[in-house]
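Following: one structure in C-alpha cells, then a few remarks.
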Amino acid sequence: MTQIRSLAFVLGASLAALVAAVLIAGANPITALSALVRGSVGDGYALATTWVRATPLVVTGLAVVVAFRVGVLNIGAEGQFWMGSLGAAAVGVHLGGVSGWIAVPLCLLTGALAGGGWGGIAGLLRVGRGVPEVLSTILLNFVALALVGWAVNGPMQEAARRYPQSDPLALAARLPRLPGTQLHLGILLALLLAGLVWLLLFRTALGLRLRAVGLNPTAAKSAGVPVGRSLVGTLVASGALAGLAGAVEVMGPLGRLYADGSTGVGYTAIAVALLARLDPLAAIPAALFFGGLDAGAGAMQREAGVPAVLVSVVQAVVIVAALIAAKRKSD
Amino acid sequence: MRGVSQRFGAVQALDRVDFDLRPGEIHALIGENGAGKTTLMSILYGLRQPTAGTIRLDGREVRIASPAQALALGVGMVHQHFKLVPTLSVAENVVLGDGRRPFSRDRRGENERVAALAERHGLRLDPSAQVGALSVGGQQRVELLKLLHRDARILLLDEPTAVLTPAEADELTATLTRLRADGCSVVLISHKLREIRRVADRVTVLRRGVRVFSGPMADATDDELARQMVGSDPPPPVRREPTTPGAEVFGLTNVRVGSGARPLRVAELTVREGEIVAVVGVEGNGQDSLAAVAVGLTDPASGERRLLGNPRPTLTPGDATALGVAVIPADRQADGLVLQMTVAENLALKAPPTGRFGWLSPGELTRTAEKLIELYGIRTSGAAAPAASLSGGNQQKIVIARELSRSPRLIVAVNPSRGLDLGATHSVHDRLLAARAAGTAVLLITTELDEALALGDRFAVLYDGRLNAAPPGADRDTLGRLMAGSEPG
C-alpha cells in the first residue's frame, strides 16, 4: 500500500513538473503530453526506442545499486561507462574478419575491464589513502570524458579525419539485432545482469556480507568481513557493470565512439537506483521510466516545440520526489 | 506526579504511575531496564510529554513543556551521558545558557561566584579547570553545580554511579547527603540495590511501567526489593564449578597498543582453557584497545600477542574468527549487529550456511536461525524479523548465539550484560560459565565489579591504560582500590 502510494506520489510529482515545464516553454500541455506518450509507448517503434534507451540505464543503474548497497557512493558510473565505451571501441574497430562469437565477448570483456579498472582506481584511493570515493569518482568522470575526447580527435579518430569520432566497429563486434527493429542483444544482457546482481546480493554468502558492510561496516568488520577489500572489490564490480553498459552502447545503437555519445547516462543511473530503492530487479522498470521519458522527449520537441532538455527538469523532480517518498516510508 | 502514562506506539512505557517526592529527601527510583524509570524522570524534566497524568509542584499543578521550563521551576537532571563542553572551563560550563548577561562577560566574577557555589555545597572543583581534563567524577560534579547554579531544588540523577569508581561513588554519596541537608530533593535512578541502601530515604519500584512499591527504604529488605523489580524470585546466584585450566589460548607480553596520548600497556596477560579471566576497570581506561587487540581489530605496536600458542604480530578479525575467537562486543548495536538486517541474517553473518559456490538458500538460512532461536531462547516474532525490532536483551542473545554456537576456543566478552535485566544477565552468565566448563578460554572485560567477582577465576585491573594483574584471592575492596588507581599492595 505504501509502495503504491509513494509510486503515485512520484508519478504525480513528475506529471506536475512536466506540465509546468511545458507551460514555461509556451506549448499546449495536452499536445505535448500526448506527443510524449506516443513517442515512448505509442507504437512498436516507440516501445523499441524506450527499451533501447532504457538498456544502458538498467546496467549503469545496477552499477549504482551494487555500490550503494555496500555503502560505496559511486558517483562515477558516467566515467566508468565512458571508459567501457572507449575500451570496447578501441578493440572493436580492429576485429574485422574475426568471428562474432569471439568479437562480441571480447569487446564486452574489454569494456568491463576498462570500467572496472576505472572504478578500482577510486577504490584503491579510498582504502589506501582515505580519499572519499564521492570525490574521486566524480573527478574521474572528467578525466574519462577528456580521454575519450582526446582519443576521437587523435589516435582513434576515423580514417577520414573529418569528425571527432572513431571508425565504425567491425560488424562482427556489433550486437546482433532482432531483424527489422532496433532491439539488440544488449537488452537481454541487461535483464540477465539484473537477475544475476539480485542473486549475488540476496542469495549468496558474499552478498550477505557485502550488504552488512553497507549497513554497518564496524559490525561487518568485527564479524570478520575484510571491509577494505570489499570496498575495492565493489568499486571494481560497479565500474565493470558501468563499463559493460558503455560497451553495449557502442556495440549496439551507436556503432562507433563519439565524443558526445550518451552523455549523462551514468548520472541518470543514480536516479534509476534511487527510484528502484536499490532493488536490482526494480531497476528495470525504473530504467524503463526514464528511458520512456527520454524517448518521448524527442517526439515532444518535434510535435509540440518543447525543448527536449526540459525533460531533464522532470528527471530532477522525479529524483527529489523519489527521495521524499523513500524518506516518508522509513519514518 | 499522578496517574502518569506514556505510550510509545504499541508499548505502554508507563501505566498510571504515581510518584511523590518530599522536600529534603533522597528518593531512589529503581527497576529493571525498560521498567520506565528514565521515561518517568524525562517527563518531570520536560523532555517528554505524558500521554496522560498530571504533575504538581508544591501543590500547584504545572505543565512542563521543556527542560528550560523545568529548570525555571527548579527541576534539574543529570543524564547518564554528560552534556558538557569539554573545551570550556568549569565556570564557563556552569554559567553557559543561564541567560544572564547575554552580550558581555565577567570572567573573574564568574569564577568567584562558581567557586563560592561549589564551596557552599562542598563540591571539590577548580572553576578555571578545563572540563575535558577532569575525571568522570569531576565532570559529574560540574553537572550538579550547573543545576545548583540555576537554583534547582529537585535533582534528578540517572544512573549516576554507572561510570564512577567505588571511591568516586562514595564521594557522590557524601555530596548527595549534604545537598539533602541543604534542603534539596534528589531522585536517584539506579538498579544497584547496594548503593541506594546506603543513601536513600525512600524507594519507589517500577516494573514494566507500573509502580509496584513505594515506601521508606527501611520497610523493605534487599531481597524484597529485588523480587519487586523482577516480579518473581530472583534467579539463584550463578554456580561456578571448579575447573582445571589447560594450555594458554591467548596471551599478551609487554604489549603496547596505540601510540596516542594514552596507549594501552600490558605487561603480561594470559587466558587458559577452561578459565575466565576478568579484567575490571572504570569505563575509558583502555577496555576498547584491549578488546580490539584480542579480536584482531588492531595489532600491538610492540610486544608479543599469542593465540593458540603461536605468536600473532598481525591478525585480522577474519583470521581470529577462523581460529575460533568469538566476540561479544561492548556496543552490540554498533559493533555486533546489523540492525536493519533480519535475525536470521545476523545469526549467519559470521558463518553463513552456504551450499556450493557460496550459494545461500533462504530455507537453510531460516532453518539454521530457527534452531539457534530455540536453543538460545531468543524472543522474536520470527527469523525474518529485523534485529532492530528485538529488545536489548534479545539482541544480545543473537550475538551470543552467533558467537558461542560455533564452539569457540576463546571468547572475548566486553560488558556482556550491559543494559540487560536480571533474567537476561543470568542467562548470559550461564552461557559463559557453560563455555568455561567446556574448556573454552574466556576473557571478560567488564566495568561491573559484581559481574567480575561472580564469574572470574582470576582478575586483572585496567587503570589509565595500564593492565595489572590483581593479587590472587583479591576481594571487592582490593579490586575497588586498584580500579581507582592505587598500587597493588
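These protein sequences, in sequence, are chains A and B.
The opening position of the first sequence corresponds to residue 1 in this note's numbering, with each subsequent residue numbered one higher.
The opening position of the second sequence corresponds to residue 1001 in this note's numbering, with each subsequent residue numbered one higher.
Glycine residues also receive a C-beta, built at the ideal position from the N, C-alpha and C atoms.
In terms of Cβ geometry, residue 1336 of chain B and residue 224 of chain A do not form a close pair [threshold 7 Å]. For residue 1254 of chain B, the uninterrupted beta strand (DSSP E) run begins and ends at 1248 to 1257, by DSSP. Taken atom to atom, the span from the alpha-carbon of residue 1063 of chain B to that of residue 1334 of chain B is near 37 Å. Each residue's CA atom was taken as its position, placing residue 87 of chain A and residue 174 of chain A some 14 Å apart. The beta carbon of residue 212 of chain A sits closer than 7 Å to some beta carbon of chain B.
7 Å or more divides the Cβ of residue 1460 of chain B from the Cβ of residue 1452 of chain B. Within the same chain, and ignoring the five residues on either side of residue 292 of chain A in sequence, the residues whose Cβ sits closer than 6 Å to its Cβ are 40, 50.
By the criterion of a C-beta distance shorter than 7 Å, residue 1253 of chain B is surrounded in its chain by 1268, 1303, 1304, once the five residues flanking it on both sides are discounted. According to the DSSP assignment, residue 45 of chain A belongs to the alpha helix (DSSP H) that extends over 44 to 69. Distance between residue 1175 of chain B and residue 1203 of chain B, taken at the CA atoms: about 19 Å.
Annotation: the continuous alpha helix (DSSP H) that includes residue 92 of chain A extends over 77 to 92.
Only 224, 225, 226 from the region 224 to 235 of chain A bring a Cβ to less than 8 Å from some Cβ of chain B.
Among the CB atoms of chain B, none fall inside 7 Å of the CB of residue 193 of chain A. Apart from sequence neighbours up to five positions away, the residues of its chain that approach residue 1394 of chain B with a beta-carbon distance below 7 Å are 1378, 1379, 1380, ordered along the chain. For residue 1288 of chain B, there are no C-beta contacts with chain A under 9 Å, since the nearest C-beta of that chain is about 12 Å from it.
Bounds of the alpha helix (DSSP H) holding residue 31 of chain A are 29 to 37. Around the CB of residue 1361 of chain B, fewer than 16 other CB atoms lie within 10 Å, so the residue is classed as exposed. For residue 1297 of chain B, the residues of chain A that pass the 8 Å Cβ criterion are 221, 222, in the order they occur in the chain. In this structure, residue 280 of chain A sits near residue 62 of chain A, with a CB-CB distance shorter than 7 Å. By the C-beta density criterion, residue 1194 of chain B is exposed, having fewer than 16 other C-beta atoms within 10 angstroms.
Here the alpha carbons of residue 301 of chain A and residue 32 of chain A stand approximately 8 Å from one another. Among the CB atoms of chain A, one or more fall inside 7 Å of the CB of residue 1350 of chain B.
Within the same chain, 314, 317, 318, 321 come within 7 Å of residue 14 of chain A by CB-CB distance, once the 5 residues on both sides are set aside. A Cβ-Cβ contact shorter than 7 Å links residue 25 of chain A with residue 310 of chain A. Non-local beta-carbon contacts of residue 1340 of chain B in its own chain, meaning distances under 7 Å to residues more than five positions away in sequence, involve 1386, 1388 in chain order. In this structure the region 1411 to 1418 of chain B lies against the region 1442 to 1451 of chain B, because at least three pairs of beta carbons, one per stretch, are closer than 8 Å.
Below the 9 Å Cβ cutoff, chain B contributes 1359, 1360, 1361, 1362 as neighbours of residue 203 of chain A, in chain order.
DSSP places residue 1015 of chain B in the strand class (E or B) of the three-state scheme.
By the Cβ-count criterion, residue 118 of chain A is buried, with 16 or more other Cβ atoms from all chains shown falling within 10 Å of its own Cβ.
Taking the beta carbon of residue 1316 of chain B as reference, the chain A residues within 8 Å of it are 224, 226, listed in sequence order. Listed in chain order, the non-local C-beta contacts of residue 1262 of chain B below 6 Å within the same chain comprise 1465, local neighbours out to five positions each way being set aside. With the criterion set as a beta carbon lying under 8 Å from some beta carbon of chain A, the members of the region 1324 to 1351 of chain B are 1327, 1329, 1334, 1335, 1336, 1337, 1338, 1339, 1340, 1341, 1345, 1348, 1349, 1350, in sequence order. Counted as a single uninterrupted DSSP element, the beta strand (DSSP E) harbouring residue 1216 of chain B occupies residues 1210 to 1216. Nearest to residue 241 of chain A by alpha-carbon distance, out of A:37, A:18, A:120, A:135, is A:120. A direct Cα-to-Cα measurement between residue 218 of chain A and residue 1330 of chain B gives close to 12 Å. Taking C-alpha positions only, residue 1004 of chain B is separated from residue 1209 of chain B by approximately 10 Å.
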